[in-house]
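A quick write-up on the structure given underneath.
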Amino acid sequence: MNRKEFVATSKELWESKAFKDYAKAYPEAYAQAVAATQRRTNAEPGTLGFLDLFWHLMWVTLPDNPKIRRDPFFTICDLAEFICFGAE
Numbered sequence: 018m019n020r021k022e023f024v025a026t027s028k029e030l031w032e033s034k035a036f037k038d039y040a041k042a043y044p045e046a047y048a049q050a051v052a053a054t055q056r057r058t059n060a061e062p063g064t065l066g067f068l069d070l071f072w073h074l075m076w077v078t079l080p081d082n083p084k085i086r087r088d089p090f091f092t093i094c095d096l097a098e099f100i101c102f103g104a105e
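Rendered as structure tokens:
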């Protein structure tokens with residue numbers, strides 16, 4: 018993944034029904050990730066400045082449970098990995 022792909026995938030996922038459903042399924046993780054991201058960035062949810070950190074924080078706040086491994090979990094993992102390690 019490169020930066021351009023990260024931006025496109027981030028925006029697409031943030032606006033997707035799949036992510037909205039996922040956030041509803043894990044409301045505590047979602048709320049913690051949003052709050053932590055806003056504290057660190059002062060950016061509005063859904064903006065690029067927000068998404069540049071949010072996916073990593075969402076990933077680390079998810080419960081340690083095999084049930085989380087459903088759409089869009091692996092996309093969140095890919096975005097979190099890009100945030101931590103950068104482009105391939």
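Using the numbering used here, the letters of the sequence shown map in sequence onto residues 18 to 105. Glycine included, C-beta positions come from ideal geometry on N, C-alpha and C.
Would you mind working out which of Thr26, Asp38 and Ala53 sits nearest Leu74, comparing C-alpha positions?
Selected option, being the one with the closest Cα: Ala53.
So, are the CB atoms of Leu79 and Ala25 less than 9 Å apart?
No.
Give me the Cα-Cα distance between Ala50 and Phe71, rounded to the nearest whole angstrom.
Taking the straight line joining both Cα atoms gives about 6 Å.
Got a sec? Which residues, its chain only, sit under 7 Å from Ala40 by beta carbon, not counting five neighbours each side?
Excluding sequence neighbours, Ala40 sits near Tyr47.
Any idea what DSSP makes of Gly63, helix, strand or coil?
Here Gly63 sits in coil by DSSP.
Tell me which residue opens and which closes the alpha helix (DSSP H) that Ser27 is part of.
First-last of the alpha helix (DSSP H) with Ser27: Arg20 to Glu32.
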